[in-house]
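Working notes, beginning with the structure itself.
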Amino acid sequence: MGRRRSTSVTLTDVARLAGVSVATASKALNARGEVAPDTRLRVLQAANQLSFQPNVLARGLISGRTRTIGLLTDELGGRFSIPILLGAENALGNEQMSVLLCDARGDAIRRQHYIRTLLARQVDGFIILGDSNDLRPSLSRDIPVPVVYVYGQSTDPADLSVLADDEGGGRIAMEHLVSLRRRNIAHITGPQSYRAARDRVTGLQAVLAESGWELVGGEPLYGEWSQRWGRHAARMLITAHPEIDAIFCGNDQIAAGAAQALQEHGCRVPDDVAIIGYDNWEEMAADCRPPLTTVDLNLEQLGATAVMHLFAALDGTPSSGVIRQPCRLVVRESTGPLPQQA
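Counting with numbering that gives the first Met the number 0, you get residues 0 to 341 for the letters of the sequence shown.
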């Protein structure tokens with residue numbers, strides 16, 4: 000005979016075939032410790048023979064877990080959100096946990112509605128995804144299960160927030176330019192209101208201070224996260240400071256715009272001016288001419304790290320504070336090869 004259809008199989012059927020009570024069959028399938036090894040094996044064999052698929056909600060009533068996580072974001076379509084979500088989903092899938100994804104679209108009423116909806120579905124925990132690696136109001140007081148914030152720092156220090164290390168990213172970008180013996184370095188970035196922009200400046204200025212140098216022009220050029228701003232700022236720099244030999248840009252769009260403006264001005268990249276971007280947006284960085292050296296935020300790993308800490312909280316060992324995950328440098332042609340050692 001072939002296997003019975005899983006839709007017609009119940010826990011009672013499994014228990015009957017294994018010759019045990021329904022309670023014992025349930026304990027065996029949920030890996031409860033009070034079942035003898037041979038009994039557990041008999042139950043598992045019966046479940047396999049019958050192609051039994053346990054009801055997740057029923058199992059949750061027994062174990063106190065639904066093996067479901069609520070993932071709440073404010074910007075599902077954002078360039079940063081998707082890689083983080085993929086990393087989180089992969090990590091959850093590896094543990095055979097499901098994800099319920101809700102996009103509040105930046106609306107407070109919609110956000111509270113989704114929190115209530117996810118709690119009604121008895122999710123085991125929440126991951127709250129930010130959209131700018133910046134501070135965001137804590138939501139934990141409304142959520143009675145463990146919460147981890149990712150790519151956005153909760154205003155409550157008792158919460159756990161997992162962030163990209165933008166200060167470290169600014170440092171590694173500048174260290175790369177210094178290693179290339181560039182001395183006249185400028186910085187073009189986005190709005191000063193973004194903490195990520197300010198943190199990157201902190202990192203790069205630390206490297207300059209250690210080297211005894213200053214930025215060309217004395218200060219970063221704050222503006223927009225756009226190619227248009229990159230073109231405009233690069234034209235201003237090369238006109239006012241023809242000695243410039245490197246530009247560190249706050250994102251890849253700015254860097255692509257800067258590279259275009261420099262080439263239109265007759266400057267060779269990287270021979271005359273090296274350029275570094277930020278974010279490693281492959282679509283932009285790899286297609287730039289020349290392809291951009293850039294800082295990668297490791298966004299998928301950021302999502303996986305958030306899941307790891309959520310698992311720890313679910314197991315009774317929650318953390319608090321801020322975890323800053325290191326970035327990495329992706330070297331392409333826009334900075335040229337490392338100098339030969341003498």
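Beta carbons are placed, not taken as given, at the ideal position from N, Cα and C, and that holds for glycine.
{"Item": "For residue 245, report the span of its beta strand (DSSP E) as first-last.", "Value": "245-248"}
{"Item": "Which residues bound the alpha helix (DSSP H) around residue 238?", "Value": "226-239"}
{"Item": "Can you list, in chain order, the residues of its chain with a C-beta nearer than 8 Å to that of residue 176? Leave out the 5 residues immediately preceding and following it.", "Value": "184, 245, 247, 273, 275 and 334"}
{"Item": "Residue 302: which of 310, 278, 161 and 122 sits nearest, CA to CA?", "Value": "161"}
{"Item": "Where in the stretch 138-212 do unbroken runs of the beta strand (DSSP E), each at least 3 residues long, occur, reported from the N-terminal end onward?", "Value": "146-149, 159-163 and 184-188"}
{"Item": "At what residues does the beta strand (DSSP E) containing residue 102 begin and finish?", "Value": "97-102"}
{"Item": "Alpha carbon to alpha carbon, how far is residue 61 from residue 98?", "Value": "Reliability of the predicted coordinates at residue 61 is poor, the pLDDT of 47 falling under 50, and the value obtained from them is presented with this limitation in mind. Taking the straight line joining both Cα atoms gives about 20 Å."}
{"Item": "Specify the secondary structure class of residue 295 as computed by DSSP and reduced to three states.", "Value": "strand"}
{"Item": "Do the stretch 304-316 and the stretch 225-236 meet, that is, are 3 or more Cβ pairs less than 8 Å apart?", "Value": "no"}
{"Item": "Please identify the residue among 167, 181, 170 and 220 whose C-alpha is closest to the C-alpha of residue 192.", "Value": "220"}
{"Item": "Report yes if the CB atom of residue 65 is closer than 7 Å to the CB atom of residue 121, and no otherwise.", "Value": "yes"}
{"Item": "May I have the straight-line CA-CA distance separating residue 181 from residue 138, to the nearest angstrom?", "Value": "46 Å"}
{"Item": "Give the straight-line distance between the Cα atoms of residue 254 and residue 271, rounded to the nearest whole angstrom.", "Value": "15 Å"}
{"Item": "Quick one: grab the DSSP three-state call for residue 115.", "Value": "helix"}
{"Item": "Compare the beta carbon distance of residue 51 and residue 8 with 7 Å and say whether it is the shorter of the two.", "Value": "yes"}
{"Item": "Pull up the distance between the alpha-carbon of residue 39 and that of residue 47, whole angstroms please.", "Value": "12 Å"}
{"Item": "Taking the straight line between their C-alpha atoms, what separation do you get for residue 84 and residue 70?", "Value": "8 Å"}
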